[in-house]
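This report refers to the structure that appears directly beneath it.
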Amino acid sequence: MLSKAATMEILMNRNGDAGTLPEDDSLEQVAKLQWSLDEKDLQQVMVSGPNLNETSVVSGGYGGTAEGIIPTASIKGPAVRYNAQFNRRIPVTGQGSSMQDSRSSSSMTAEESSRGVAVEKLDFMKQWGLNTYKCTKQMIAERFGRGSRTVDLELEAQIEVLRDTKRKYENVLRLARALTNHLYSMVQTQHALGDTFTDLSLKSPELRDEFGYNAETQKLLCKNGETLLGAINFFVSSINTLVNKTMEDTLMTIKMYEAARLEFDAYRADLEELSVGPRDVVNMARIDTAQEQYQIHKDKYERLRSDVTIKLNFLDENKVKVMHKQLLLFHNAVSAYFAGNQQQLEQTLKQFNIKLRPPGADKPSWLEEP
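Here my numbering is used: position 366 in the sequence shown is 360, and no number is missing along the way.
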């Protein structure tokens, strides 16, 4: 194969011109072009010839050094497949196309999911608008006396009693907080007055005794006032929990019950209006749909009515227990304070498990100060 390979070597001098060889025979052998291969041999060379990665490009003169040899394996390019039959190079593809297919499929999935979310939001807004329209229509009809409403007389009476009780307890809570603020101011004044009497007893020898026992009296009143203040604070905290948490939770359930009652009456009126109309195919389909919505809202209304009844009963029991304890505490503490019975006042706090905070406990320590 090597003897039949077509070779052409051209010798160049340093100036780029064609040089001359010392021997004519050698020059003729080098310059002669050998084209002795036929078409069949050329095809065989192209199929079974040397690997392209093992060839080299010679730059330099004939018989020069190997410094000008550049291996073609270092030349990188796109991957190709050589077809010897048609003498062509076919680019290798497949990985890029699969990546494009995966990207297109993921984009289609994201588009379908976003479209589904938009459809759900549109359906929700449509249902919400229809429900709001029906409820508003029912509310206006009730206020102008043109529509009927479902009324549970016993339950409505209990709800009204609860609202009135909450208003009265809020007034008690407001007055108790005002009493706490006044008592705190009085205790601070007594504390300052006791310190002033003590200082004057040291600086006034002729009135040392008078200033002394007045200072002790003010300090004792200040101590008893702090004890009473702790009892009243406990009373205020318990009333606040009863009014703003327990009663408020029951009133929230009542608001849900009233909203369910309005929806139930709205869909009931809609069903009654459709029932009066003609009995054609379209109207019968609307009646069936209205009947389903009516049953759904009826079940919701009855469930919330049951929840309100249960919560009202539990609230009454809890209110009695809490107020019995708190009113007894308030009475014993105030009576012992104004009677000057320090032991009875302290015994009242122990009876209700009330622990007093030492003065300045709410203030951060000097280590916690910025």
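Every residue, glycine too, gets a C-beta built ideally from N, C-alpha and C.
Taking 8 Å as the limit between beta carbons, can you name the residues of its chain near F80, skipping five residues before and five after?
Position 86 of the sequence shown, counting from 1, holds the residue named residue 80. Unreliable positioning characterises F80 in this predicted model, as indicated by a pLDDT of 44, which lies under 50. The coordinate reading is nonetheless provided below. Hits under 8 Å: none found.
For S100 and G139, I'd like the C-alpha separation in whole angstroms.
If you number the sequence shown from 1, residue 100 lands on position 106. If you number the sequence shown from 1, residue 139 lands on position 145. When rounded, the distance between both Cα atoms is 59 Å.
Spatial neighbours of P44 in its chain, beta-carbon cut-off 6 Å, leaving aside the 5 residues before and after
The sequence position of residue 44 within the sequence shown is 50, counting from 1. Residue confidence is low: P44 scores 45 on pLDDT, short of 50, so the model does not pin down where it sits. No coordinate-derived value is stated.
Could you give the C-beta distance for Q132 and L256, rounded to a whole number, given that I count them as a contact under 8 Å?
As a first step, residue 132 must be located in the sequence shown, where it is residue number 138. As a first step, residue 256 must be located in the sequence shown, where it is residue number 262. Q132 to L256, Cβ: 6 Å. Contact.
Considering only the beta carbon of each residue, do T235 and A209 sit closer than 8 Å?
As a working mapping, residue 235 is identified with position 241 in the sequence shown. As a working mapping, residue 209 is identified with position 215 in the sequence shown. Taking the C-beta atoms as reference points, A209 is found no nearer than 8 Å to T235.
Give me the residue from F324, T244 and Q345 with the minimum Cα distance to L298.
Stepping through the sequence shown from its first residue, residue 298 is reached at position 304. When each option's Cα is compared against that of L298, the closest is T244.
Figure out for me which residue from A330, T103, G110 and N125 has the closest Cα to the Cα of A253.
The residue given as residue 253 occupies position 259 in the sequence shown. Ranked by Cα distance from A253, the first of A330, T103, G110 and N125 is N125.
Cβ-based neighbour list, V155, same chain, cut-off 8 Å, excluding 5 preceding and 5 following:
For the purposes of this step, residue 155 is identified with residue 161 of the sequence shown, where counting begins at 1. Cβ neighbours of V155 beyond the five flanking positions: none.
Check each candidate in E242, L339, I226 and A151 and name the one with the smallest Cα separation from E164.
Counting from 1 along the sequence shown, the entry for residue 164 is found at position 170. The alpha carbon of E164 has as its nearest neighbour, out of E242, L339, I226 and A151, the alpha carbon of E242.
Quick check on DSSP: helix, strand or coil for N347?
Numbered from 1 along the sequence shown, position 353 holds the residue referred to as residue 347. The DSSP-derived three-state label of N347 is coil.
Please state the DSSP three-state secondary structure of G271.
Residue 271 sits at position 277 when you count from the first residue of the sequence shown. The three-state reading of DSSP puts G271 in coil, since its state is none of H, G, I, E or B.
Considering only residues of the segment 221 to 245, which uninterrupted beta strand (DSSP E) runs meet the minimum length of 3 residues and lie entirely inside it, listed in chain order?
Within the segment 221 to 245, no complete beta strand (DSSP E) segment of 3 residues or longer occurs.
Find out if the Cβ-Cβ distance for the pair K385, F258 is shorter than 8 Å.
Outside the shown range of the chain (-5 to 364) lies residue 385, about which nothing can therefore be said.
Where R299 sits in the DSSP three-state scheme
Counting from one through the sequence shown, the residue named residue 299 turns up at place 305. Under the three-state reduction of DSSP, R299 is assigned to helix.
If I follow the unbroken alpha helix (DSSP H) through R157, where does it start and stop?
What you label residue 157 is simply residue 163 of the sequence shown in a count that begins at 1. Annotation for R157: the continuous alpha helix (DSSP H) segment containing it runs L147 to K197.
Inter-residue Cα distance where the pair is Q285 and L268:
Here residue 285 is taken as the residue at index 291 of the sequence shown, counted from 1. Here residue 268 is taken as the residue at index 274 of the sequence shown, counted from 1. Rounded to whole angstroms, the separation of the alpha carbons of L268 and Q285 is 10 Å.
Figure out for me which residue from K128, L201, L222 and Q345 has the closest Cα to the Cα of L173.
By one-based count along the sequence shown, residue 173 stands at place 179. Among K128, L201, L222 and Q345, the Cα nearest to that of L173 is on L222.
Measure the beta-carbon distance from L339 to F228 and round it to whole angstroms, keeping in mind my assumption that it falls under 8 Å.
For this step, residue 339 is matched to residue 345 along the sequence shown. For this step, residue 228 is matched to residue 234 along the sequence shown. Actually they do not touch by this definition, with Cβ atoms about 13 Å apart.
DSSP three-state assignment for G141, whether helix, strand or coil:
Start at 1 with the first residue of the sequence shown, and residue 141 comes out as number 147. In the displayed model, G141 falls within coil according to three-state DSSP, outside both helix and strand.
Let me know the secondary structure DSSP gives N125 once reduced to three states.
Within the sequence shown, numbered from 1, the residue matching residue 125 stands at position 131. Correct three-state label for N125: helix.
Pull up the distance between the alpha-carbon of T303 and that of H185, whole angstroms please.
The residue you call residue 303 lines up with position 309 of the sequence shown. The residue you call residue 185 lines up with position 191 of the sequence shown. In this structure, the straight-line span from the alpha carbon of T303 to that of H185 is close to 51 Å.
Which residues in the same chain as G71 place their Cβ atom closer than 8 Å to its Cβ, once the five residues preceding and following it in sequence are excluded?
Within the sequence shown, the letter at position 77 stands for residue 71. Below a pLDDT of 50, predicted positions are generally treated as unreliable, and G71, at 45, falls in that range; the measurement from the model is reported next regardless. So no residue of the chain qualifies.
For the putative contact between S232 and Q320, defined by C-beta atoms under 8 Å, what is the C-beta separation to the nearest angstrom?
The count along the sequence shown starts at 1 and reaches residue 232 at position 238. The count along the sequence shown starts at 1 and reaches residue 320 at position 326. With 8 Å as the limit, S232 and Q320 qualify as a contact, their Cβ atoms being about 5 Å apart.
Look up G334 in the DSSP assignment and say whether it is helix, strand or coil.
The count along the sequence shown starts at 1 and reaches residue 334 at position 340. It is coil, neither helix nor strand.
Candidates K315, L343, H318 and K313: closest to A327 by CA position
The residue given as residue 327 occupies position 333 in the sequence shown. Of K315, L343, H318 and K313, the smallest CA-CA separation from A327 is found for L343.
Q287 burial status per 10 Å Cβ neighbour count (16 or more: buried)
Counting from one through the sequence shown, the residue named residue 287 turns up at place 293. Per the 10 Å Cβ criterion, buried.
For Q212 and G188, believed in contact at Cβ under 8 Å, the rounded distance
Translated into the one-based positions of the sequence shown, residue 188 becomes position 194. Translated into the one-based positions of the sequence shown, residue 212 becomes position 218. So it is a contact: roughly 4 Å between Cβ atoms.
Can you list, in chain order, the stretches of the beta strand (DSSP E) that have 3 or more residues and sit fully within the segment 304 to 331?
DSSP runs (the beta strand (DSSP E)) wholly in the segment 304 to 331: none.
Have a look at E33 and A104 and give me their C-alpha separation to the nearest angstrom.
As a first step, residue 33 must be located in the sequence shown, where it is residue number 39. As a first step, residue 104 must be located in the sequence shown, where it is residue number 110. Any reading at E33 must be qualified, since the residue scores a pLDDT of 47, below 50, and its modelled position is unreliable; no value is offered.
Exposed or buried, S195, counting other C-beta atoms within 10 Å across all chains shown (16 or more means buried)?
For the purposes of this step, residue 195 is taken as residue 201 along the sequence shown, with counting starting at 1. With 16 or more other Cβ atoms inside 10 Å of its own Cβ, S195 counts as buried.
Would a C-beta distance cut-off of 8 Å place T240 and L309 closer than the cut-off?
Against the sequence shown, residue 240 aligns to sequence position 246. Against the sequence shown, residue 309 aligns to sequence position 315. Contact: yes.
Would you please state the rounded distance, in angstroms, between the beta carbons of G224 and L177? I believe it to be under 8 Å.
As a position in the sequence shown, residue 224 is number 230, starting the count at 1. As a position in the sequence shown, residue 177 is number 183, starting the count at 1. Their Cβ separation, rounded to whole angstroms, is 11 Å, which puts G224 and L177 out of contact at 8 Å.
Inter-residue spacing [alpha-carbon to alpha-carbon] between K249 and K115:
Start at 1 with the first residue of the sequence shown, and residue 249 comes out as number 255. Start at 1 with the first residue of the sequence shown, and residue 115 comes out as number 121. Between K249 and K115, the C-alpha separation is close to 26 Å.
For the candidate residues T283, N307 and T247, whose alpha-carbon lies nearest to that of K294?
If you number the sequence shown from 1, residue 294 lands on position 300. Put simply, of T283, N307 and T247 the residue whose alpha carbon is nearest the alpha carbon of K294 is T247.
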